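Asks:
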Amino acid sequence: MVTFGESMALFRAEPGEPLRTARRFTRSIAGAESNVAIGLSRLGGDAGWFGRVGDDPLGLGILDALRGEGVDISRAVVDGGAPTGVLIRDTHAERRIDVAYARSGSAGSRLGPADLDAAYLSSAAILHVTGITPALSASALEATSEAVRMACEAGVTVSFDPNIRRRLWPDPAEARRVLLPLAERSRIVLLGHAEADLLTGQETPAEAAKWLVGRGVETVAVKLGAGGALGFSDGESYHGPALPVHAVDPIGAGDAFDAGFLWARLQGSDMRGCLAEGNLAAGLSIQACGDIEGLPYRREMEERRANNLEANR
Numbered sequence: 505m506v507t508f509g510e511s512m513a514l515f516r517a518e519p520g521e522p523l524r525t526a527r528r529f530t531r532s533i534a535g536a537e538s539n540v541a542i543g544l545s546r547l548g549g550d551a552g553w554f555g556r557v558g559d560d561p562l563g564l565g566i567l568d569a570l571r572g573e574g575v576d577i578s579r580a581v582v583d584g585g586a587p588t589g590v591l592i593r594d595t596h597a598e599r600r601i602d603v604a605y606a607r608s609g610s611a612g613s614r615l616g617p618a619d620l621d622a623a624y625l626s627s628a629a630i631l632h633v634t635g636i637t638p639a640l641s642a643s644a645l646e647a648t649s650e651a652v653r654m655a656c657e658a659g660v661t662v663s664f665d666p667n668i669r670r671r672l673w674p675d676p677a678e679a680r681r682v683l684l685p686l687a688e689r690s691r692i693v694l695l696g697h698a699e700a701d702l703l704t705g706q707e708t709p710a711e712a713a714k715w716l717v718g719r720g721v722e723t724v725a726v727k728l729g730a731g732g733a734l735g736f737s738d739g740e741s742y743h744g745p746a747l748p749v750h751a752v753d754p755i756g757a758g759d760a761f762d763a764g765f766l767w768a769r770l771q772g773s774d775m776r777g778c779l780a781e782g783n784l785a786a787g788l789s790i791q792a793c794g795d796i797e798g799l800p801y802r803r804e805m806e807e808r809r810a811n812n813l814e815a816n817r
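Numbering (this note's numbering), first residue to last: 505 to 817.
Printed below as a string of structure tokens:
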């Protein structure tokens, strides 16, 4: 799987400390696309990520982290003309999470069509894109559209997660205008209930999924949080239950689901298997603080599936 977008330096307040008053932070990385790449790599898959980071300690640290996770970053660009984006947030299990960004004019937003390697894209089994990248800049939107075109022409399966961020898309109508064509050109669409409503105008997840299938999408999974996920493929609908857990940090569950779902897809699993892997990965991920820290490894998935919860001591 190949994916691309903006990866940022993440500074996460200590659990339970509101961002407004927090004094202590843990540094990590964040970015939906790089999260999925790391998640898939931990499950045993081959993943590549590219994008632009600044020629600064934060950007170089991001590349170090991705490289350490086994993600191919050979097409990533170190941009000496712009800084690495920064995301700062707090951590709560059942309280609104506040997020502050310093990403305007970032290296990641300078992604453009010239950063695309057609041969690299065509070598992938799956190209995974999100609706975050097109919102960063006109050049990033152009790069996303061009990457999808290249992949489709090469016979590569395109996976799309709208991953709508209201701060990036303040006008829902504009988000729909830009993102719906990307969804319609994708063979796999993975999205949340609210995103399904925004893109399709349909009231229920089932109606939204059927609407997308009617527009040419082959496989749709609607993520429902604690309600699991609904899957639609080959004229059939499926429901996969969520893993019953107590969330420590809900951020990143959707990316973990995508990683599990796509990993299963690459292994040849059917829709039920893909939903099961996605839900299991999502449930395990939210039991740790951080966007990537809780992304499970293959062994952890197998142990949880076997209900092996005994302390490893």
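Glycine included, C-beta positions come from ideal geometry on N, C-alpha and C. On a predicted model such as this, the values are computed, not experimentally measured, just so you know.
Per DSSP, what kind of secondary structure is M512 in: helix, strand or coil?
Replies: The answer is strand: DSSP assigns M512 an E or B state.
Asks: Would you grab the beta carbon distance between H632 and L766 for me? Rounded to a whole angstrom, and I think it's under 8 Å.
Replies: Going by Cβ atoms, the distance from H632 to L766 rounds to 7 Å, so yes, they are a contact pair.
Asks: For V693, does the three-state DSSP call read helix, strand or coil?
Replies: Looking at V693 - three-state DSSP - the assignment turns out to be strand.
Asks: Would H596 be called buried (16 or more neighbouring beta carbons within 10 Å of its own) or exposed?
Replies: Answer is buried; the Cβ neighbour count reaches 16.
Asks: Where does V752 fall in DSSP's three states?
Replies: Looking at V752 - three-state DSSP - the assignment turns out to be coil, as it is neither helix nor strand.
Asks: Could you tell me how far apart the beta carbons of G764 and G782 are, in whole angstroms, since I believe they sit closer than 8 Å?
Replies: So it is a contact: roughly 4 Å between Cβ atoms.
Asks: Residues in the same chain with beta-carbon distance under 7 Å from G563, minus the five sequence neighbours each way, listed in chain order, please.
Replies: V557, V582, T588, A611.
Asks: My assumption, with CB atoms under 8 Å, is that P617 sits in contact with E646. Please give the rounded CB distance.
Replies: Indeed, because the Cβ distance is near 5 Å, the residues count as touching under 8 Å.
Asks: Taking all protein chains shown into account, do 16 or more other C-beta atoms lie within 10 angstroms of the C-beta of R769, making it buried, or fewer, making it exposed?
Replies: It counts as buried.
Asks: Does the beta-carbon of N539, which I'm using as the reference point, lie nearer than 7 Å to any heavy atom of the ligand GDP?
Replies: The model depicted lacks the ligand GDP and carries no ligand whatsoever.
Asks: Determine the extent of the alpha helix (DSSP H) in which I566 is found, giving its start and end residues.
Replies: Per DSSP, I566 belongs to the alpha helix (DSSP H) from 561-572.
Asks: By alpha-carbon positions, which one of I755, A730, E537, P685 ends up nearest to H697?
Replies: Residue A730 is the option with its Cα nearest to H697.
Asks: Ends of the alpha helix (DSSP H) at V590?
Replies: Unbroken run through V590 is the beta strand (DSSP E), 590-593; no alpha helix (DSSP H).
Asks: From the beta carbon of K727, is the nearest beta carbon of chain B less than 8 Å away?
Replies: Checking the listed chains, one finds no chain B in this structure; it contains a single protein chain.
Asks: Any idea which residues DSSP pairs H743 with across the strands?
Replies: Its beta-bridge partners are L734.
Asks: Once you ignore the five residues that flank I577 on each side, which residues in its own chain have a CB closer than 8 Å to its CB?
Replies: Only G552, W553, F554, L567, L570, R571 meet the Cβ criterion.
Asks: Along the chain, where does the alpha helix (DSSP H) containing T708 start, and where does it finish?
Replies: T708 -> no alpha helix (DSSP H), and no H or E assigned at all.
Asks: How should R809 be labelled, buried or exposed, when 16 other C-beta atoms within 10 angstroms of its C-beta is the threshold for buried?
Replies: That one is exposed.
Asks: Mind checking A642: buried by the 16 CB within 10 Å criterion, or exposed?
Replies: By the neighbour-count rule (16 or more Cβ atoms within 10 Å), A642 is not buried but exposed.
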